[in-house]
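Protein chains in written order, with the numbering used here: chain U, 4 to 598; chain R, 524 to 814.
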Amino acid sequence: MSDILTIKNLRVEGRPPGGAYVPIVKGVSLNVAKGEVLALIGESGSGKSTISLASMGFARPGCRIAGGEIWLNGRDIMKLSPHERHALRGDEVSYVAQSAAASFNPALRIGKQVIEAPLWHGAGDAATLTAAAVDLYRKLDLPNPDTVDEKFPHQVSGGQLQRLMAAMAMSCGPDLLILDEPTTALDVTTQIEVLKAFKDLIRDQGTAAIYVTHDLAVVAQVADRILVLKNGEMVEKGPTAQILHDPQHEYTRTLMDAVRPAPHLVDHVDASAAQAPVISARNITAGYGALTILSDVSVDVPAASVVGVIGESGCGKSTLARVVAGLTPLREGELMLDGKVAAPSVKDRPRDTLKDCQIVFQMADTALNPRQRIGDILGRPLEFYQGLKGRARADKVGDLLEQVDLPRSFASRFPGELSGGQKQRINLARALAADPKVILCDEVTSALDTVVAAGVIELLKSLKDKLGVAYMFISHDLSTVASFADEVVVLYAGRVVEKGPSKGVFSPPFHPYTRLLLSSVPEMRQGWLEGVADTGEAKAASAGSVIIGAKGCPFANRCTHVIAGTCDSITPPLRDLPGGLSVACHLDADALPRT
Amino acid sequence: MSDATELPTPRASIFAGLRLTWTAAIAGSVLLFWLILALFGPWIAPHGEAEIISGTTFAPIGEGGLLGTDKLGRDVFSRLIYGVRTTLLLALITTVISFAFGVTLGFAAAILKGWFDIVVSRIVEAFMAFPSTLLALVVIGAFGTSITVLVLTVGLVLSTSVFRVSRALGYDIGVMDFVEAARARGEGTWWILTREILPNSMAPLIAEFGLRFTFSILFLSGLSFLGLGVQEPAADWGLMVQENVGGLFLGSSAALIPAACIASLTVSMNLLVDWFQQRQQGETVLEKIDQ
Numbered sequence: 004m005s006d007i008l009t010i011k012n013l014r015v016e017g018r019p020p021g022g023a024y025v026p027i028v029k030g031v032s033l034n035v036a037k038g039e040v041l042a043l044i045g046e047s048g049s050g051k052s053t054i055s056l057a058s059m060g061f062a063r064p065g066c067r068i069a070g071g072e073i074w075l076n077g078r079d080i081m082k083l084s085p086h087e088r089h090a091l092r093g094d095e096v097s098y099v100a101q102s103a104a105a106s107f108n109p110a111l112r113i114g115k116q117v118i119e120a121p122l123w124h125g126a127g128d129a130a131t132l133t134a135a136a137v138d139l140y141r142k143l144d145l146p147n148p149d150t151v152d153e154k155f156p157h158q159v160s161g162g163q164l165q166r167l168m169a170a171m172a173m174s175c176g177p178d179l180l181i182l183d184e185p186t187t188a189l190d191v192t193t194q195i196e197v198l199k200a201f202k203d204l205i206r207d208q209g210t211a212a213i214y215v216t217h218d219l220a221v222v223a224q225v226a227d228r229i230l231v232l233k234n235g236e237m238v239e240k241g242p243t244a245q246i247l248h249d250p251q252h253e254y255t256r257t258l259m260d261a262v263r264p265a266p267h268l269v270d271h272v273d274a275s276a277a278q279a280p281v282i283s284a285r286n287i288t289a290g291y292g293a294l295t296i297l298s299d300v301s302v303d304v305p306a307a308s309v310v311g312v313i314g315e316s317g318c319g320k321s322t323l324a325r326v327v328a329g330l331t332p333l334r335e336g337e338l339m340l341d342g343k344v345a346a347p348s349v350k351d352r353p354r355d356t357l358k359d360c361q362i363v364f365q366m367a368d369t370a371l372n373p374r375q376r377i378g379d380i381l382g383r384p385l386e387f388y389q390g391l392k393g394r395a396r397a398d399k400v401g402d403l404l405e406q407v408d409l410p411r412s413f414a415s416r417f418p419g420e421l422s423g424g425q426k427q428r429i430n431l432a433r434a435l436a437a438d439p440k441v442i443l444c445d446e447v448t449s450a451l452d453t454v455v456a457a458g459v460i461e462l463l464k465s466l467k468d469k470l471g472v473a474y475m476f477i478s479h480d481l482s483t484v485a486s487f488a489d490e491v492v493v494l495y496a497g498r499v500v501e502k503g504p505s506k507g508v509f510s511p512p513f514h515p516y517t518r519l520l521l522s523s524v525p526e527m528r529q530g531w532l533e534g535v536a537d538t539g540e541a542k543a544a545s546a547g548s549v550i551i552g553a554k555g556c557p558f559a560n561r562c563t564h565v566i567a568g569t570c571d572s573i574t575p576p577l578r579d580l581p582g583g584l585s586v587a588c589h590l591d592a593d594a595l596p597r598t
Numbered sequence: 524m525s526d527a528t529e530l531p532t533p534r535a536s537i538f539a540g541l542r543l544t545w546t547a548a549i550a551g552s553v554l555l556f557w558l559i560l561a562l563f564g565p566w567i568a569p570h571g572e573a574e575i576i577s578g579t580t581f582a583p584i585g586e587g588g589l590l591g592t593d594k595l596g597r598d599v600f601s602r603l604i605y606g607v608r609t610t611l612l613l614a615l616i617t618t619v620i621s622f623a624f625g626v627t628l629g630f631a632a633a634i635l636k637g638w639f640d641i642v643v644s645r646i647v648e649a650f651m652a653f654p655s656t657l658l659a660l661v662v663i664g665a666f667g668t669s670i671t672v673l674v675l676t677v678g679l680v681l682s683t684s685v686f687r688v689s690r691a692l693g694y695d696i697g698v699m700d701f702v703e704a705a706r707a708r709g710e711g712t713w714w715i716l717t718r719e720i721l722p723n724s725m726a727p728l729i730a731e732f733g734l735r736f737t738f739s740i741l742f743l744s745g746l747s748f749l750g751l752g753v754q755e756p757a758a759d760w761g762l763m764v765q766e767n768v769g770g771l772f773l774g775s776s777a778a779l780i781p782a783a784c785i786a787s788l789t790v791s792m793n794l795l796v797d798w799f800q801q802r803q804q805g806e807t808v809l810e811k812i813d814q
């Protein structure tokens, strides 16, 4: 096999503002053969994106390619003039970014943007290029391939946009395709269709590809070979099967250990004895402006327990947390905190009520005021709720820092001086400072690397055992929820479709949507994708899209078990099944999916 | 990101930390020069503010005073030095007034939202719809020419754009997670405004202060030139241009010198603001790239 890309001893340096250059990539060599997919894996900051960009001869502003050779199609592209290098991009090598939504120009129609590059390279006139593009849409399994050209980016879903971006990248028929975390921002059910489309396309066209990701289960599906990176250096490389099953290096093994097993394989927490609920939401309806996000949601969080809330983006998970915290006032229904009725808006709640229920946000860095020291960020709730001042306050701040496994000296630092994991621990400490009965955790581990996230989950567990605090744990990561939560609530389009003890929800019988969610979580098994993408279930799911406020069952348009005349007109009520499980489905208990 | 964090290295010196460009250095020195003149003017000026030193009016540079004399035979150099005090002080007061009004109302509108935002925004837009000089002319015409009326009017006119900037900033920062966290804690509006939003909007507000200060100098000088601003015998640069504009036909530079001084002050201030903004933005852009 001939190599499309060969990188020898690549060194890339970056410079902090006003500072000196520091190495980001320290002498990495790799090669990609025709028709081969090479995966670059590692934590954030390991240099995987930087390497992928460097293979186009590009370095981000503030960075420079300091040394090494980059051979593409038999030419060292670092020796080319900037203009010649420019001509390569899009033509011989092209790039698919993580967020398609941010990469499309919202003011131009999709078709125009897809054929922009080949038009620039003079590959043909607009009509023939459009025809070729429509051909690509078909190969990528896009719905309505003939009319999608005329749409604007906001008119198609995130998964479709990501596939359109792949079409844009493939429109010149490049020899090398670079995919930089192309499915990280997508929901699991969407991820499957996109992965499948990418894989088929790469195989079809015989393109070489570099696939950058931190998700090992995704790598297992698409990659032929894997290169493991840490701090800009290569740790290990080898065929996918070898890296997954027989990793040689210590670090690769750490990465593998941080991967959680599939939700139904986890050891579930045994349901504890029933406790009085600290949060009791009854038939809550809430939304923004004219939009209703949550309809008729009832959730209980018993004291000192973990209730997981799962569902895809836009299903109302975060809105539920905001309603409980009083940031988004509920419209109908009743909310009880620690046995007392709580006012809908945070403004009308007394401090005692506010103290009992604290919230931790997803983005660790935006949740901390960059202009306040950690000591002040943690000290304020102590002062606000408990009236602590001066010495007593400073001592308690130190105790809080120790509780979240950080040194006391961090009190004098600013948030900008901490890493992502450390910031999330500070957020947690701030919630603990109020001495709450329940903490609302809104996707607290989603923005963190797997190894760091695992540490945060361990911390949450130990705090629960030590302090007896309860959590409402909102996440789209089913494996984490399955291993951590006592009870689970599954939300779909703002409605509860299934709830009950963790063990009950993650084992049969399932609600059809829960079944789809579970089967969509990538497994660390090669060939899993082919098995799951071809099921009728996955096909039905990708045919429809989530409709909020639909008449009847919200999942009816994506369900394989749909009962005509019933599901599309009558909203199914939550029915109790044995084992404490409640399911909102018209199917008889015996007819619910059991595999 | 790994859990190990490196502390930023301490900066070598204050000046290295400022990272001055040469334009900023020049602009800074010019401003410093005028500031020193304003502070120590009475000790430096050879003659009094309104003292007539020569029988010759519009004497050229070098004859009868360092920079010549004006239409009444007063020393241009001395009046220039006294004038910088009036010009800078008035500009400072009007800018402070405009910020007191603009920032308070802008942030209040961003936080309170609802009808308060709508009412205040529409009123401000109505004010902005008038050409600012015309507006000032009308107000000063109605209330008479006194320093108090002048300062309040200019301050109010300038506060409209300060309002727009701070309202936009307040909206942007007000939806960030750390503000939400404070809101969820039950913090009052005042705390959220002074501890969470204001510290994070200082950089753009400082830049805006510089720009408004410049605009205020130009505006006040313009009003003085029209005879509505500072009144004789007090010295003010805008006024000096107006007094001596007749001398232009006699070959006198008495009107050009204060005009050049106004230009040097405003251009320097603008350059300094440009440098400040670039420095701020440069940092944020590079910080983003670092991740």
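We put the CB at the ideal spot given by N, CA and C, even for glycine.
These figures come from a predicted structure and were not determined experimentally.
**First and last residue of the uninterrupted alpha helix (DSSP H) at U/Tyr24** = On the first sequence, residue 24 of chain U is found 21 positions in, with the first residue counted as 1. First-last for U/Tyr24: undefined, no H or E at that position.
**Through-space distance from U/Thr517 to U/Thr598, alpha-carbon basis** = Here the question's residue 598 of chain U lines up with position 595 in the first sequence. Here the question's residue 517 of chain U lines up with position 514 in the first sequence. Answer to the nearest angstrom: the Cα atoms are 11 Å apart.
**Message:** Once DSSP output is grouped into helix, strand and coil, what is the label at R/Ser525?
**Reply:** Working through the second sequence from its first residue, we reach residue 525 of chain R at position 2. Unreliable placement is indicated for R/Ser525, whose pLDDT of 40 sits below 50; no coordinate value is reported for it.
**Message:** So, at 7 Å on beta carbons, what are the nonlocal neighbours of U/Pro384 in its own chain, with the 5 sequence-adjacent residues on each side left out?
**Reply:** Residue mapping note: residue 384 of chain U aligns to position 381 of the first sequence, counting from 1. Within the same chain, U/Pro384 has close Cβ partners Arg433, Ala436 and Ala437.
**Request:** Please say whether U/Val35 and U/Ile213 have beta carbons closer to each other than 8 Å?
**Result:** If you number the first sequence from 1, residue 213 of chain U lands on position 210. If you number the first sequence from 1, residue 35 of chain U lands on position 32. Yes, Cβ-Cβ distance for U/Ile213 and U/Val35 is below 8 Å.
**Prompt:** Whose C-beta lies closer than 7 Å to the C-beta of R/Gly752 among residues of the same chain, with five residues either side of it excluded?
**Reply:** Locating residue 752 of chain R in the second sequence gives position 229, counting from the first residue. Closer than 7 Å at Cβ, skipping near neighbours: Leu673, Leu743, Leu746, Asp759, Gly761 and Leu762.
**Asked** So, is U/Ala129 buried or exposed, given that buried needs 16 or more other C-beta atoms within 10 angstroms?
**Response** Counting from 1 along the first sequence, the entry for residue 129 of chain U is found at position 126. Label assigned to U/Ala129: exposed.
**Prompt:** Touch check for the stretch 413 to 430 of chain U and the stretch 359 to 374 of chain U: three-plus C-beta pairs under 8 Å?
**Reply:** These segments touch.
**Message:** Here's the rule: buried if 16 or more other CB atoms are within 10 angstroms of the residue's CB, otherwise exposed. What is U/Phe201?
**Reply:** Within the first sequence, the letter at position 198 stands for residue 201 of chain U. Flag for U/Phe201 reads buried.
**Request:** Taking 8 Å as the threshold, find out whether the stretch 786 to 802 of chain R comes into contact with the stretch 616 to 629 of chain R through three or more Cβ pairs.
**Result:** no
**Message:** Could you check whether the Cβ of R/Asp700 sits closer than 8 Å to any Cβ belonging to chain U?
**Reply:** Against the second sequence, residue 700 of chain R aligns to sequence position 177. True, the Cβ-Cβ gap to chain U drops below 8 Å.
**Request:** Would you mind stating whether U/Leu43 and U/Leu180 have Cβ atoms separated by less than 8 Å?
**Result:** Here residue 43 of chain U refers to the residue found at position 40 of the first sequence. Here residue 180 of chain U refers to the residue found at position 177 of the first sequence. No, these two residues do not count as a Cβ contact at 8 Å.
**Message:** Does chain U have any CB closer than 8 Å to the CB of R/Asp722?
**Reply:** Position 199 of the second sequence, counted from the start, is the residue given in the question as residue 722 of chain R. The displayed chain sequence assigns Pro, not Asp, to residue 722 of chain R. Yes, contact with chain U.
**Request:** Verify the CB distance criterion: does R/Arg687 have a CB-CB separation below 8 Å to chain U?
**Result:** Numbered from 1 along the second sequence, position 164 holds the residue referred to as residue 687 of chain R. Chain U contact via Cβ: absent.
**Prompt:** Which residues in chain R sit within 7 Å of U/Pro384, going by Cβ to Cβ distance?
**Reply:** Here residue 384 of chain U refers to the residue found at position 381 when the first sequence is read from its first residue. Going along chain R in sequence order, the residues near U/Pro384 (Cβ under 7 Å) are Arg708.
**Request:** Mind the definition here: the stretch 608 to 615 of chain R touches the stretch 555 to 565 of chain R only if three or more C-beta pairs lie below 8 Å; say whether that holds.
**Result:** yes
**Asked** Just by C-beta distance, which residues in the stretch 182 to 210 of chain U are closer than 7 Å to chain R?
**Response** none
**Length of the line joining the Cα atoms of U/Val15 and U/Ser102** = Counting from one through the first sequence, the residue named residue 15 of chain U turns up at place 12. Counting from one through the first sequence, the residue named residue 102 of chain U turns up at place 99. Between U/Val15 and U/Ser102, the C-alpha separation is close to 24 Å.
**Request:** Consult DSSP for U/Met475 and reduce its assignment to one of helix, strand or coil.
**Result:** If you number the first sequence from 1, residue 475 of chain U lands on position 472. In this structure, U/Met475 counts as strand in the three-state DSSP scheme.
**Item:** Residue from R/Leu679, R/Thr668, R/Ala632 and R/Phe630 whose Cα sits closest to the Cα of R/Phe653
**Value:** By one-based count along the second sequence, residue 653 of chain R stands at place 130. The shortest Cα separation from R/Phe653 among R/Leu679, R/Thr668, R/Ala632 and R/Phe630 belongs to R/Leu679.
**Min CB distance U/Met366 to chain R below 8 Å** = Taking the first residue of the first sequence as position 1, residue 366 of chain U is located at position 363. Yes, U/Met366 counts as interfacial toward chain R.
**Request:** Out of R/Gln800, R/Leu635, R/Asp593 and R/Thr717, state which residue places its alpha-carbon closest to the alpha-carbon of R/Ala730.
**Result:** Position 207 of the second sequence, counted from the first residue, corresponds to residue 730 of chain R. Out of R/Gln800, R/Leu635, R/Asp593 and R/Thr717, R/Gln800 has the C-alpha closest to the C-alpha of R/Ala730.
**Item:** Anticipated Cβ contact below 8 Å, U/Ala496 with U/Pro557, distance rounded
**Value:** As a working mapping, residue 496 of chain U is identified with position 493 in the first sequence. As a working mapping, residue 557 of chain U is identified with position 554 in the first sequence. Sure, about 4 Å apart at Cβ, within 8 Å.
**Item:** Which listed residue (U/Gly235, U/Leu297, U/Phe107 and U/Pro373) has its alpha carbon closest to that of R/Met725
**Value:** Position 202 of the second sequence, counted from the start, is the residue given in the question as residue 725 of chain R. Of U/Gly235, U/Leu297, U/Phe107 and U/Pro373, the residue nearest in Cα terms is U/Pro373.
**Message:** Quick check on DSSP: helix, strand or coil for U/Ala69?
**Reply:** Position 66 of the first sequence, counting from 1, holds the residue named residue 69 of chain U. Strand, per DSSP.
**Message:** Please report the distance separating the alpha-carbon of U/Leu204 from that of U/Gly419.
**Reply:** Along the first sequence, read from residue 1 onward, the residue named residue 204 of chain U stands at position 201. Along the first sequence, read from residue 1 onward, the residue named residue 419 of chain U stands at position 416. For U/Leu204 and U/Gly419, the distance between alpha carbons rounds to 42 Å.
**Request:** Report the neighbours of U/Ile282 on chain R: residues whose CB is nearer than 7 Å to its CB, in chain order.
**Result:** Within the first sequence, the letter at position 279 stands for residue 282 of chain U. Result: empty, since nearest Cβ-Cβ is about 14 Å, beyond 7 Å.
**Asked** Would you call the CB atoms of U/Val441 and U/Val312 closer than 8 Å?
**Response** Against the first sequence, residue 441 of chain U aligns to sequence position 438. Against the first sequence, residue 312 of chain U aligns to sequence position 309. Cβ atoms of U/Val441 and U/Val312: not closer than 8 Å.
**Which listed residue (U/Ala485, U/Lys506 and U/Arg394) has its alpha carbon closest to that of U/Gly583** = Translated into the one-based positions of the first sequence, residue 583 of chain U becomes position 580. Of the candidates U/Ala485, U/Lys506 and U/Arg394, the one whose C-alpha sits nearest the C-alpha of U/Gly583 is U/Lys506.
**Message:** Beta carbons nearer than 8 Å to chain R: which residues of the stretch 368 to 382 of chain U have them?
**Reply:** From the stretch 368 to 382 of chain U, only Thr369, Ala370, Leu371, Asn372, Pro373, Arg374 and Gln375 have a Cβ closer than 8 Å to chain R.
**Asked** Going straight from the alpha carbon of U/Ile380 to that of R/Gly697, what length do you get?
**Response** On the first sequence, residue 380 of chain U is found 377 positions in, with the first residue counted as 1. On the second sequence, residue 697 of chain R is found 174 positions in, with the first residue counted as 1. Approximately 17 Å between the Cα atoms of the pair.
**Item:** U/Glu533, buried or exposed, once every other Cβ within 10 Å from all chains shown has been counted against 16
**Value:** As a working mapping, residue 533 of chain U is identified with position 530 in the first sequence. Looking at its Cβ environment, which holds fewer than 16 other Cβ atoms inside 10 Å, U/Glu533 is exposed.
**Prompt:** Exposed or buried, U/His86, counting other C-beta atoms within 10 Å across all chains shown (16 or more means buried)?
**Reply:** Here residue 86 of chain U corresponds to residue number 83 of the first sequence, with the count starting at 1. Counting Cβ neighbours within 10 Å, U/His86 comes out exposed, since fewer than 16 surround it.
**Request:** Report the rounded CA-to-CA distance for R/Ser689 versus U/Val327, giving the unit in angstroms.
**Result:** Translated into the one-based positions of the second sequence, residue 689 of chain R becomes position 166. Translated into the one-based positions of the first sequence, residue 327 of chain U becomes position 324. Approximately 31 Å, taken between the alpha carbons.
**Asked** Since U/Lys142 is in the beta strand (DSSP E), which residue starts that stretch and which ends it?
**Response** Taking the first sequence and counting its residues from 1, one reaches residue 142 of chain U at position 139. Taken as a continuous stretch (DSSP letters only), U/Lys142 belongs to no beta strand (DSSP E), being part of the alpha helix (DSSP H) at Ala129 to Lys142.
**Request:** At 9 Å on the CB atoms, spell out the chain R contacts of U/Leu330, in chain order.
**Result:** The residue you call residue 330 of chain U lines up with position 327 of the first sequence. Those within 9 Å of U/Leu330 in chain R are Glu703, Arg706 and Ala707.
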